[in-house]
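The sequence shown begins at 37 in the working numbering and counts up by one. Here is the structure we will look at, set down as structure tokens.
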Amino acid sequence: MRLFIAVEVPEEVKKRMGELEKELPDEGLRKVDPGLMHITLKFLGEVEEVQLEEIKKALGKIEFLPFKVRVKGVGVFPKEDYVKVVWAGTGGEGLEGLAEKVELALASMFPKEARGFSGHLTLARVKRKIGIKEFLGKHRGEEFGEFGVRKFLLMQSVLGRGGPEYSVVEEFPAGG
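Structure (structure tokens):
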């Protein structure tokens with residue numbers, strides 16, 4: 037099964053991201069369905085079913101307090117002259133702290149991300165060279181909202197012709 041750990045995004049933020057996506061070109065990229073948007077804390081990839089209980093147990097030991105996430109600005113991976121992903125930024129100490137706790141909890145089972153954590157909402161994946169400098173300049177510092185996080189999720193992703201389908205495997209609530 038293909039798994040990842042994520043923070044869900046409220047509908048009002050997804051709606052705002054859908055509006056933002058409309059400003060991107062229609063050709064040369066594949067826009068993400070706003071309904072599927074989430075903040076990935078860690079991508080686990082293909083995992084054997086026998087590992088599932090161990091993963092749940094490790095994640096269940098994570099303690100964190102509710103926190104706020106701010107959605108601000110846009111950017112690209114890996115760099116502006118070679119765009120593969122267009123994103124909206126997400127941040128806050130609580131988000132980065134939770135991502136680090138997830139990383140530590142699963143360290144014995146999964147390698148640490150070489151790039152480190154970079155909170156974001158993926159808006160589009162680029163298929164061929166596109167011009168989006170104007171879009172980036174217009175929205176680079178724009179505020180898109182803030183929302184509270186009271187839980188994180190272990191999610192399953194099933195890839196299909198119509199795109200991925202996500203389902204919640206387990207929820208892990210904040211304490212306090």
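We put the beta carbon where it would ideally sit given N, CA and C, even for glycine.
- When the beta-carbon positions are compared, Ala160 and Glu57 come within less than 8 Å of each other.
- Between His74 and Glu44, the C-beta gap is smaller than 8 Å, which places the two residues in contact.
- The DSSP assignment places complete beta strand (DSSP E) segments of no fewer than 3 residues inside the stretch 56-137 at 65-67, 74-82, 103-115 and 118-127, in order along the chain.
- By the criterion of a C-beta distance shorter than 7 Å, Lys137 is surrounded in its chain by Ile98 and Phe100, once the five residues flanking it on both sides are discounted.
- Here Ala160 carries a strand assignment [DSSP, helix/strand/coil].
- If you check the CB distance, Trp123 and Val110 come in under 8 Å.
- Per the C-alpha coordinates, the member of Gly167, Phe103 and Glu182 positioned closest to Gly133 is Phe103.
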